[in-house]
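*Asks:* Quick one: structure below, then a few questions.
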Amino acid sequence: MSEKPSDEENAEEGYFSFEGGLEHDGDESQLEIDQNENLEEVRIYRGENKAFDQLIGEEVEEVEEVEEVEEVEEVEEVEEVEEVEEVEEVNEEQINNKYGIQKELPIGLVLEPIHLNRKFNYILLLKWILTILLTIFLISYLISKCSFKGNVSRESGVNKNTLKVSSYKINPIPRSLDEDLPQIDYRARDTIKKFFAVSNRNELNGIIRSSSRVLNHIEDHYSRNTFSIPKLESIDSVEKLDGNLSGFFIAKITVDDVFRARTVLLEDTDRGFLLDWEEFVRYGQMNWDDFVKSDGNDAFYFRVRATLDSNPEFAFPERFEWVCVRISDWKSEEDLYGYVRKDSDIGININKLLDDEWEKECILKICFPKERKGGINQVKIVELINNNWIIK
62 MSEKPSDEEN
72 AEEGYFSFEG
82 GLEHDGDESQ
92 LEIDQNENLE
102 EVRIYRGENK
112 AFDQLIGEEV
122 EEVEEVEEVE
132 EVEEVEEVEE
142 VEEVEEVEEV
152 NEEQINNKYG
162 IQKELPIGLV
172 LEPIHLNRKF
182 NYILLLKWIL
192 TILLTIFLIS
202 YLISKCSFKG
212 NVSRESGVNK
222 NTLKVSSYKI
232 NPIPRSLDED
242 LPQIDYRARD
252 TIKKFFAVSN
262 RNELNGIIRS
272 SSRVLNHIED
282 HYSRNTFSIP
292 KLESIDSVEK
302 LDGNLSGFFI
312 AKITVDDVFR
322 ARTVLLEDTD
332 RGFLLDWEEF
342 VRYGQMNWDD
352 FVKSDGNDAF
362 YFRVRATLDS
372 NPEFAFPERF
382 EWVCVRISDW
392 KSEEDLYGYV
402 RKDSDIGINI
412 NKLLDDEWEK
422 ECILKICFPK
432 ERKGGINQVK
442 IVELINNNWI
452 IK
């Protein structure tokens, strides 16, 4: 039995076993290490003139360098992956911050940025609706406020009228709903009786129509004439008028005066029946006799009776171009002849008014011409003020 070679001998032969033995396979430049049971076979190149320990150290260093390089590469790859993930997280956070999206959004809100334009349109429409509603509210408020002011002013006007009526000494009987004819007749007769019972002109205001308008006329008339109301003897009839004088009534009466038979006109108002004072006294801006005797050229209006006529003492040139009207006062015996051109508006209207009429009651404004060639009874018709004696 041969002896076991020593380690040095085995080393010289080029074989080393981790189990402590060397084996020779015929290649001097290579060392084989067989792995048995968890042992790896390692072949290490050994160059010339290098000791075994030196070769082992170099191989170990190379293995360690390779492992360090691999570890460095793995670390760099891990760092690159982490950087990419961080960049993706940062980009995701920036996108979330830009569109206002929070983490873990509900499913329905993920598509919200797609519908931002539609949402904006809804908000704009809502603003318009609110603006329109606010405008309507303001307009309604202003209208109600104006209406309230109007009601207040009307109420104040009614109160003023009530105070004014209460200040009158004489007032008519107010009309009521669902009146019958006897009640209407009774109210009309009551007003007539109260009118003829006044003792001074101040008492007229509560019983005559248009008292505020005719107040100056009352002052003017009684400045030229003595205040006098004849005594009422009887009221013969009360009749309602139609047509242009709808709402008026005419009463035939008898008074203790030069002209015993008279007529009076009454208007049925909310306050009751009011008597027409201007018609009763036949108010004119001047007494008729005084006007006839005057030598001025000023024009005045009078309540007269007019009839189409012709005057043999015609004083106006081109006789056939003029309309001649006989004008008479209700009391005076002095008649006047008025003239107006046929083709003028006044002439046409007077022709229509007086056609087939006898002593038509009307209000005319007349004046004397500058040259009275035909006599003092010829006047120029300036205006047809009203077709009757009642001014509404």
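Reading the sequence shown from the start, the letters are residues 62 to 453 in my numbering. Glycine is no exception: its CB is placed at the ideal position from the N, C-alpha and C atoms.
#1: For the beta strand (DSSP E) that Ile388 lies in, which residues bound it at each end?
#2: Please work out which residues of its chain come closer than 8 Å, Cβ to Cβ, to Pro235, disregarding the five sequence neighbours upstream and downstream, and give them in chain order.
#3: Please name the residue in Leu397, Phe429 and Glu300 whose C-alpha comes closest to that of Gly308.
#4: Give, in chain order, every unbroken run of the alpha helix (DSSP H) that is at least 4 residues long and sits entirely within the segment 413-441.
#5: Bridge partners of Leu259, per DSSP?
#6: Excluding the 5 residues flanking Phe363 on each side, which residues of the same chain have their C-beta closer than 6 Å to its C-beta?
#7: By how many angstroms is the C-alpha of Pro291 removed from the C-alpha of Arg274?
#8: Quick one, are the C-beta atoms of Ala376 and Lys426 less than 8 Å apart?
#9: Would you list, in sequence order, the uninterrupted alpha helix (DSSP H) runs of no fewer than 4 residues that lie entirely inside the segment 334-375?
#10: Please determine if the segment 337-357 and the segment 313-322 are in contact, where contact requires at least 3 C-beta pairs separated by less than 8 Å.
#11: Between Glu328, Trp391 and Leu445, which lies nearest to Ser405 when the distance is taken from Cα to Cα?
#12: Drop a sphere of 10 angstroms on the beta-carbon of Cys207, count the other beta-carbons inside from all chains shown, and report buried for 16 or more, exposed for fewer.
#13: Out of curiosity, what's the CA-to-CA distance linking Val443 and Ile424?
#14: Ser284 lies in the alpha helix (DSSP H); which residues open and close that run?
#15: Taking C-beta to C-beta, are Thr368 and Arg343 nearer than 8 Å?
#16: Do Lys413 and Cys428 have their beta-carbon atoms positioned less than 8 Å apart in this structure?
#17: What is the rounded straight-line gap between the Cα of Val219 and the Cα of Ser295?
#18: Taking all protein chains shown into account, do 16 or more other C-beta atoms lie within 10 angstroms of the C-beta of Ile190, making it buried, or fewer, making it exposed?
#19: Check each candidate in Ile411, Glu394 and Asn448 and name the one with the smallest Cα separation from Asn438.
#20: Nearest CA to the CA of Asp348: which residue from Ser284, Cys385, Gly436 and Arg402?
#21: Rounding to the nearest angstrom, what Cα-Cα distance links Arg248 and Phe256 in this structure?
*Replies:* For this structure:
#1: Trp383 to Ser389
#2: Within the same chain, Pro235 has close Cβ partners Asp331, Arg332 and Gly333.
#3: Ranking Leu397, Phe429 and Glu300 by Cα distance to Gly308 puts Glu300 first.
#4: Listed in chain order, nothing qualifies, since the segment 413-441 has no complete alpha helix (DSSP H) run of 4 or more residues.
#5: The sequence given here has Val at residue 259, not Leu. Answer by DSSP bridge pairing: none, since Val259 is not bridged.
#6: Gly345
#7: Straight-line measurement puts the Cα of Pro291 at about 24 Å from the Cα of Arg274.
#8: no
#9: With a minimum length of 4 residues, the continuous alpha helix (DSSP H) runs that stay inside the segment 334-375 are 338-342 and 349-354.
#10: Contact between the segment 337-357 and the segment 313-322 is absent: fewer than 3 CB-CB pairs across the two stretches fall below 8 Å.
#11: Leu445
#12: Classification for Cys207: exposed.
#13: Using only the alpha carbons, I get a separation of about 11 Å.
#14: Ser272 to Arg285
#15: no
#16: no
#17: Confidence at Val219 is low in this model, with a pLDDT of 42, below 50, so its placement is unreliable and the value that follows should be read with caution. Rounded to whole angstroms, Val219 to Ser295 spans 36 Å at the Cα level.
#18: The residue in question, Ile190, is exposed, as its Cβ has fewer than 16 Cβ neighbours within 10 Å.
#19: The candidate whose alpha carbon is nearest that of Asn438 is Glu394.
#20: It should be pointed out that residue 348 corresponds to Asn in this sequence rather than to Asp. Looking at the Cα atoms, Ser284 is the closest of the given residues.
#21: 13 Å
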